[in-house]
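Asker: My questions will all concern the structure given below.
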Amino acid sequence: MPPANVQVAVGIDVGGTTCTVCLIEADGDLIADVSYPIPQVDSAEALLAAFAETAKELIGEVAGYEPVGLGIGVPGTVSPDERQVRDCPNLTILNGIRVPEFFEQSMDMPVWMQNDAFCATLAELRYGAGRDYANVLLLTLGTGVGGGIALNNEVFHGPRQVMGEIGHVILDLNGPPCSCGTVGCAEAFVGKQAIVNRALCKLAAYRDSALAQYAAADPAAVTPKLIADLARQGDEMCLGVMSDIGLYIGQTLCNAIVLCDPDIILLGGGIAGAGEVLFDPIRRTVKERTPISGFDPSNILPCELGNKAGAIGAAALVWERLKAEQ
Ligand SMILES: [Zn+2]
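To get our numbering, take the position in the sequence shown, counting from 1, and add 776.
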């Protein structure tokens, strides 16, 4: 048991489908955490009340800790003063809600809010794979492609919060449609569905690929993870898909490198778990295409904090803001 009244920050990461709540000490030690599906409720107040209840339960489960503040990461944009949710496309019930005010009343502690990519970047910068670096570029590869930028030891998002939206770097002016309404963005090439579509298109020319059996049994079983798994087992077609995806991600990173000159690039999200079959073509592309940058491709690495990064970063936000107030 810790000595009495060790201070902890509460972090809540609200994803599109899952919520994670955690407690961390100022040095990043994770004291407790819990994840569960987002409750299906009909009002923002009921949703936030459920999160507050979980946070209180978690605090109640650990003895000897004193919560000093709460940070919350939301899957969308927040107002510049960080007090109001602007637009959460996957959780519209929160749009317009002044989330910190709700928790300040129900939890009786100071509360800060940011978007989830900001929180994940902050977590990796302070406590994860970026902790020894001041300039970190983070790319999250999932259904969508997100990102974050830390410069001089601070995470930035810009006045309109588009800084770090690396998924919308344009790779091809005549490329496939993107979720943002335009065409040819990185996300349109390396988002989850784009990877699956690429593999399914290639199957016509690779009838003997191991993926063909899975696709014939159930097309929905074809996922980036399955493609990566088969690539690691040496399947030629899946290796080709990972190589193509690596080329596009590498190209995206080349564009980002000349804009923000990072010390290190961290790749997170499910697809980053593919390992060397993906990292190798990414590093090769960056090596070949950015001769002027001096960026060392071996500094392209996986994130360390996994799916807890958002919650840990939300709690880290508490420590950042408390320090700034001192
Ligand atoms: Zn786009």
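All residues carry an ideal CB built from backbone N, CA and C; glycine is no exception.
I need the straight-line Cα distance from Gly957 to Gly1086, nearest angstrom please.
Answerer: As a first step, residue 957 is located in the sequence shown; it is residue number 181 there, counting from the start. As a first step, residue 1086 is located in the sequence shown; it is residue number 310 there, counting from the start. Roughly 26 angstroms between the two C-alpha positions.
Asker: Could you check if Asp1107 is buried or exposed, using at least 16 other CB atoms within 10 Å of its CB as the buried criterion?
Answerer: Residue 1107 lies beyond the residue range present for the chain, which begins at 777 and ends at 1102; the question has no answer from this structure.
Asker: Check whether the stretch 1022-1038 touches the stretch 1057-1072, counting contact only when three or more Cβ pairs, one atom from each stretch, lie closer than 8 angstroms.
Answerer: Flag = yes, the stretch 1022-1038 and the stretch 1057-1072 touch.
Asker: Identify the continuous beta strand (DSSP E) that holds Pro1078 and give its terminal residues.
Answerer: As a first step, residue 1078 must be located in the sequence shown, where it is residue number 302. That run of the beta strand (DSSP E) goes Ile1076 to Pro1078.
Asker: In whole angstroms, what separates the C-alpha of Pro1038 from that of Asp994?
Answerer: Translated into positions along the sequence shown, residue 1038 becomes position 262. Translated into positions along the sequence shown, residue 994 becomes position 218. Spanning the two alpha carbons is a distance of roughly 42 angstroms.
Asker: Under the DSSP definition of a beta bridge, which residues are partnered with Phe827?
Answerer: As a position in the sequence shown, residue 827 is number 51, starting the count at 1. According to DSSP, Phe827 bridges with nothing at all.
Asker: Out of Leu1002, Ala975, Ser819 and Pro1000, point me to the one whose CA is closest to Leu867's CA.
Answerer: Position 91 of the sequence shown holds residue 867. Closest by alpha carbon: Ser819.
Asker: At what residue ranges does the stretch 995-1038 contain a whole run of the alpha helix (DSSP H), taking only runs of 4 or more?
Answerer: As far as the stretch 995-1038 is concerned, its whole alpha helix (DSSP H) runs of at least 4 residues are 1000-1008 and 1012-1036.
Asker: Going by DSSP in three states, Gly847 sits in which element: helix, strand or coil?
Answerer: Translated into the one-based positions of the sequence shown, residue 847 becomes position 71. DSSP places Gly847 in strand when its eight states are reduced to three.
Asker: Any contact between the stretch 1003-1018 and the stretch 969-978? By contact I mean 3 or more CB pairs, one from each, below 8 angstroms.
Answerer: In short, these stretches touch, since the Cβ pair count reaches three.
Asker: Under 7 angstroms: does the beta carbon of His944 sit that close to some heavy atom of ligand 1?
Answerer: Within the sequence shown, the letter at position 168 stands for residue 944. Result yes, Cβ under 7 angstroms from ligand 1.
Asker: Excluding five sequence neighbours on each side, which residues of the same chain lie with their C-beta closer than 6 angstroms to the C-beta of Gly1044?
Answerer: What you label residue 1044 is simply residue 268 of the sequence shown in a count that begins at 1. Closer than 6 angstroms at Cβ, skipping near neighbours: Thr916 and Cys1079.
Asker: Can you tell which of Ala828, Ile1003, Ile788 and Ala997 has its C-alpha closest to the C-alpha of Ala896?
Answerer: Position 120 of the sequence shown holds residue 896. It is Ile788.
Asker: Does ligand 1 have even one heavy atom less than 7 angstroms from the beta-carbon of Thr958?
Answerer: As a working note, residue 958 is residue 182 in the sequence shown. Yes - ligand 1 has a heavy atom lying nearer than 7 angstroms to the Cβ of Thr958.
Asker: Check whether the stretch 857-867 and the stretch 878-892 touch, using three or more Cβ-Cβ pairs below 8 angstroms as the test.
Answerer: Touching, yes, given that three or more Cβ pairs across the two stretches are closer than 8 angstroms.
Asker: Pick helix, strand or coil for Phe878, following the three-state DSSP scheme.
Answerer: Translated into the one-based positions of the sequence shown, residue 878 becomes position 102. In this structure, Phe878 counts as helix in the three-state DSSP scheme.
Asker: With 16 as the cutoff for other CB atoms within 10 Å, does Tyr812 come out buried or exposed?
Answerer: For the purposes of this step, residue 812 is taken as the residue at position 36 of the sequence shown. Flag for Tyr812 reads exposed.
Asker: With Arg862 as the anchor, note down where its beta strand (DSSP E) starts and where it stops.
Answerer: Translated into positions along the sequence shown, residue 862 becomes position 86. Element bounds for Arg862: Val861 to Asp863.
Asker: Are the CB atoms of Gly923 and Gly951 nearer to each other than 8 angstroms?
Answerer: Taking the first residue of the sequence shown as position 1, residue 923 is located at position 147. Taking the first residue of the sequence shown as position 1, residue 951 is located at position 175. No, they are not a contact pair.
Asker: For Gln937 and Ala992, what's the separation of their Cα atoms in angstroms?
Answerer: Locating residue 937 in the sequence shown gives position 161, counting from the first residue. Locating residue 992 in the sequence shown gives position 216, counting from the first residue. Going by the C-alpha atoms only, they are around 43 angstroms apart.
Asker: How would you write the range of the beta strand (DSSP E) that Ala975 sits in, first residue to last?
Answerer: In the sequence shown, counting from the first residue as 1, residue 975 sits at position 199. Careful: Ala975 lies outside any beta strand (DSSP E), inside the alpha helix (DSSP H) at Lys968 to Lys978.
Asker: Do you know offhand how far Ala831's Cα is from Leu914's?
Answerer: Residue 831 sits at position 55 when you count from the first residue of the sequence shown. Residue 914 sits at position 138 when you count from the first residue of the sequence shown. One C-alpha to the other measures close to 28 angstroms.
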